[in-house]
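**Q**
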Amino acid sequence: MAVVGVMYNLKGAPPEEGEPPDLGAELDSESTVAAVALALRAHGHEVQLIEGNDTAYLKLLSNRLDIVFNMCEGLRGESRESHIPSILEMLGIPYTGSGVLTLALTLDKPLTKKVLAYHGIPTPGFRVFSSSDEIDVGGLEFPLFVKPAHEGSSMGVSSSSYCRDMNELTAEVRKLIALYRQSVLVEEYLPGREFTVGILGNKNPILFPVMEINFDAIPKDHARVYSRQFKTDWSDDIYYMCPAPISAELEALLKDTALKTYRALDCRDLARVDLRLDRNGVPNVMEVNPLPGLAPGFSDYPRIAEKGGWSYTDLVNGILECALRRNNMEHLIQAPFVKQIA
Numbered sequence: 043m044a045v046v047g048v049m050y051n052l053k054g055a056p057p058e059e060g061e062p063p064d065l066g067a068e069l070d071s072e073s074t075v076a077a078v079a080l081a082l083r084a085h086g087h088e089v090q091l092i093e094g095n096d097t098a099y100l101k102l103l104s105n106r107l108d109i110v111f112n113m114c115e116g117l118r119g120e121s122r123e124s125h126i127p128s129i130l131e132m133l134g135i136p137y138t139g140s141g142v143l144t145l146a147l148t149l150d151k152p153l154t155k156k157v158l159a160y161h162g163i164p165t166p167g168f169r170v171f172s173s174s175d176e177i178d179v180g181g182l183e184f185p186l187f188v189k190p191a192h193e194g195s196s197m198g199v200s201s202s203s204y205c206r207d208m209n210e211l212t213a214e215v216r217k218l219i220a221l222y223r224q225s226v227l228v229e230e231y232l233p234g235r236e237f238t239v240g241i242l243g244n245k246n247p248i249l250f251p252v253m254e255i256n257f258d259a260i261p262k263d264h265a266r267v268y269s270r271q272f273k274t275d276w277s278d279d280i281y282y283m284c285p286a287p288i289s290a291e292l293e294a295l296l297k298d299t300a301l302k303t304y305r306a307l308d309c310r311d312l313a314r315v316d317l318r319l320d321r322n323g324v325p326n327v328m329e330v331n332p333l334p335g336l337a338p339g340f341s342d343y344p345r346i347a348e349k350g351g352w353s354y355t356d357l358v359n360g361i362l363e364c365a366l367r368r369n370n371m372e373h374l375i376q377a378p379f380v381k382q383i384a
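Numbered per the numbering used here, the sequence shown spans residues 43 to 384.
#1: Out of LEU317, VAL358 and LEU336, which one is the CA nearest neighbour of LYS302?
#2: Look up LEU186 in the DSSP assignment and say whether it is helix, strand or coil.
#3: Fully enclosed by the stretch 200-224, which alpha helix (DSSP H) runs are 4 residues long or longer?
#4: Would you decide whether ASN112 is buried or exposed? Buried here means 16 or more other CB atoms lie within 10 Å of its CB.
#5: Just the Cα atoms here: how many angstroms apart are LEU103 and VAL45?
#6: Would you kindly report the start and end of the unbroken beta strand (DSSP E) that includes THR238?
#7: For PHE168, which beta-bridge partners are listed by DSSP?
#8: Buried or exposed for MET328, going by 16 or more other Cβ atoms inside 10 Å?
#9: Cα separation between GLU390 and ARG118?
#10: Strictly by DSSP, which residues pair up with ASN370?
#11: One question on the structure: do ASN326 and PRO166 come within less than 8 Å of each other, judged by their Cβ atoms?
#12: Hey, out of GLY323, ASN322, ARG321 and ASP298, whose CA is closest to VAL315's CA?
#13: Could you please give the first and the last residue of the uninterrupted beta strand (DSSP E) stretch that includes VAL110?
#14: Thinking C-beta only, is LEU333 closer than 8 Å to ALA347?
#15: Measuring only the C-alpha atoms, how far is PRO185 from LEU143?
#16: Between the alpha carbons of TYR99 and LYS245, how many angstroms are there, rounded?
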């Protein structure tokens with residue numbers, strides 16, 4: 043049995059006027075935190091709940107923990123996802139999920155794309171702008187797609203992110219810079235099918251069944267953009283097809299690209315990789331999330347894990363077991379996992 047500190051950041055009050063409408067969208071609900079705690083207790087672990095706010099350091103000093111189940115998205119700054127892991131490393135407390143550098147890197151979308159390109163992993167061509175005064179898209183071809191450079195959980199992504207000409211692009215760049223107070227990423231829009239791949243493990247990771255996000259029921263004049271608003275407002279019209287109806291060759295290519303991405307970015311224990319096909323049918327990496335949402339019945343990661351035969355309880359404890367094994371703490375595992383993840 044392990045004493046597990048479940049660390050999280052809870053959603054707060056609705057955004058005030060002038061703030062991004064999706065401010066705090068990446069943070070967890072009380073029900074998600076409770077579900078994770080319940081799953082860990084079901085396997086015999088002692089659970090202590092610790093909110094990852096500005097008093098977290100003192101709470102960690104006063105609690106005896108074997109390991110932390112990290113769900114913290116952070117509260118402020120472009121490296122916010124790495125704040126709590128940095129404190130945990132300073133205190134010598136092991137934790138689930140990717141390390142400080144990976145969490146900081148993947149929240150910087152342009153830098154992530156540069157690393158992927160270095161490793162020869164396909165990702166859409168892009169430019170970064172900190173001002174809308176002089177926009178030069180270079181060799182990029184319209185339509186283009188715009189989003190904040192340092193946000194997660196589809197924050198700042200909407201139907202207007204899809205820009206068909208320079209006028210739309212300039213307006214969207216100006217809007218996002220003013221609203222999110224950061225640079226924006228402009229990349230070539232990929233017209234093909236959209237997929238997501240969930241990964242669990244380290245040395246020999248498990249790749250869950252590929253899920254396709256199918257937009258066929260959406261009106262043709264509506265941009266096929268898988269934003270958080272889209273996921274909520276059009277939930278009855280989006281088809282989550284898992285396993286995706288694809289050829290064995292495409293499945294292998296999607297999983298291979300996702301796994302190469304996982305390793306290139308030095309992800310640990312778990313991650314989700316989102317991909318789209320370009321006009322030639324080649325999978326391109328759109329997003330990498332080393333801290334995927336775990337909301338039961340809503341988040342993509344537990345949704346696809348379930349299709350792979352993993353109950354929510356098994357998944358949560360599988361994540362913990364990956365971290366325990368990685369830290370040579372197998373003695374704290376109640377019983378070896380049947381699926382023998384590593």
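Note that CB positions come from ideal geometry on N, CA and C, so glycine has one too.
**A** To lay it out plainly:
#1: With distances taken between Cα atoms, LYS302 lies closest to LEU317.
#2: Here LEU186 sits in strand by DSSP.
#3: The stretch 200-224 contains these whole alpha helix (DSSP H) runs: 208-222.
#4: buried
#5: If I take the Cα positions, the gap works out to 14 Å.
#6: Its beta strand (DSSP E) spans residues 236-242.
#7: GLU229
#8: So MET328 ends up on the buried side.
#9: Since the first and last residues shown for the chain are 43 and 384, residue 390 lies out of range.
#10: Answer is none; ASN370 lacks a bridge partner.
#11: yes
#12: Per the Cα distances, ASP298.
#13: 109-112
#14: no
#15: If I take the Cα positions, the gap works out to 33 Å.
#16: 31 Å
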